[in-house]
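Novice: Below is a structure I'd like to ask you about.
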């Protein structure tokens, strides 16, 4: 064998059970994974979102039922669990929107560099989590 074939780099797949606990993703990797997860979450919860919208705008009586779902719950689902599901929908929407704007900006302005990717990913995470906390505080009646 020649000297070049002996020193070739080794590329390996990540073992989910051994390597994931020690594998460190950059912030852009977390934003990418969470962008996919938030899109999937919104897709799965789309029937609930449509029901929430329909119930809130149909009539005054249905709006009262909609409002009482947040305090008394619906059926066997308590109100606090219903609020947590709605908070997850809020986070998914905000994160997906902000990460999508980030990707559109990077595509439109050709701003593809390691430094911009890292800072814009951190801004995306901070904005989505911060706005979710503010809206969650309003949802749970803290202000």
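Residue numbers (full-length UniProt numbering): 1 to 143. Ideal Cβ positions, reconstructed from N, Cα and C, are used throughout, including at glycine.
Rounded to whole angstroms, what is the Cα-Cα separation between residue 30 and residue 115?
Specialist: Looking up residue 30 in the chain shown gives position 30. Looking up residue 115 in the chain shown gives position 115. So the two alpha carbons sit approximately 15 Å from each other.
Novice: At the level of alpha carbons, what is the spacing between residue 89 and residue 7?
Specialist: As a first step, residue 89 must be located in the chain shown, where it is residue number 89. As a first step, residue 7 must be located in the chain shown, where it is residue number 7. Between residue 89 and residue 7, the C-alpha separation is close to 49 Å.
Novice: Within this structure, are the beta carbons of residue 102 and residue 132 separated by less than 9 Å?
Specialist: Residue mapping note: residue 102 aligns to position 102 of the chain shown, counting from 1. Residue mapping note: residue 132 aligns to position 132 of the chain shown, counting from 1. Not closer than 9 Å, so no.
Novice: When the distance is taken between beta carbons, is residue 54 closer than 9 Å to residue 67?
Specialist: Taking the chain shown and counting its residues from 1, one reaches residue 67 at position 67. Taking the chain shown and counting its residues from 1, one reaches residue 54 at position 54. Against a cut-off of 9 Å, the Cβ pair of residue 54 and residue 67 comes out as no contact.
Novice: Quick check on DSSP: helix, strand or coil for residue 77?
Specialist: Taking the chain shown and counting its residues from 1, the one referred to as residue 77 is at position 77. It is a strand residue.
Novice: So for residue 102, helix, strand or coil by DSSP?
Specialist: On the chain shown, position 102 is the one that residue 102 refers to. Three-state DSSP puts residue 102 in a helix.
Novice: So, using beta-carbon positions, are residue 56 and residue 94 closer together than 9 Å?
Specialist: Numbered from 1 along the chain shown, position 56 holds the residue referred to as residue 56. Numbered from 1 along the chain shown, position 94 holds the residue referred to as residue 94. No, the pair does not count as a contact, with Cβ atoms beyond the cut-off.
Novice: May I have the straight-line CA-CA distance separating residue 107 from residue 37, to the nearest angstrom?
Specialist: Within the chain shown, residue 107 is the residue found at index 107, counting from 1. Within the chain shown, residue 37 is the residue found at index 37, counting from 1. Going from the Cα of residue 107 to the Cα of residue 37 covers about 21 Å.
Novice: To which residues of the same chain is residue 52 closer than 6 Å at the C-beta, ignoring the five residues directly before and after it?
Specialist: As a working mapping, residue 52 is identified with position 52 in the chain shown. Nothing listed; no residue qualifies.
Novice: Going by DSSP in three states, residue 29 sits in which element: helix, strand or coil?
Specialist: Residue 29 sits at position 29 when you count from the first residue of the chain shown. Looking at residue 29 - three-state DSSP - the assignment turns out to be helix.
Novice: When the Cα of residue 44 is compared with those of 86, 27 and 70, which residue comes out closest?
Specialist: Counting from 1 along the chain shown, the entry for residue 44 is found at position 44. Ranking the options by Cα distance to residue 44, first place goes to 86.
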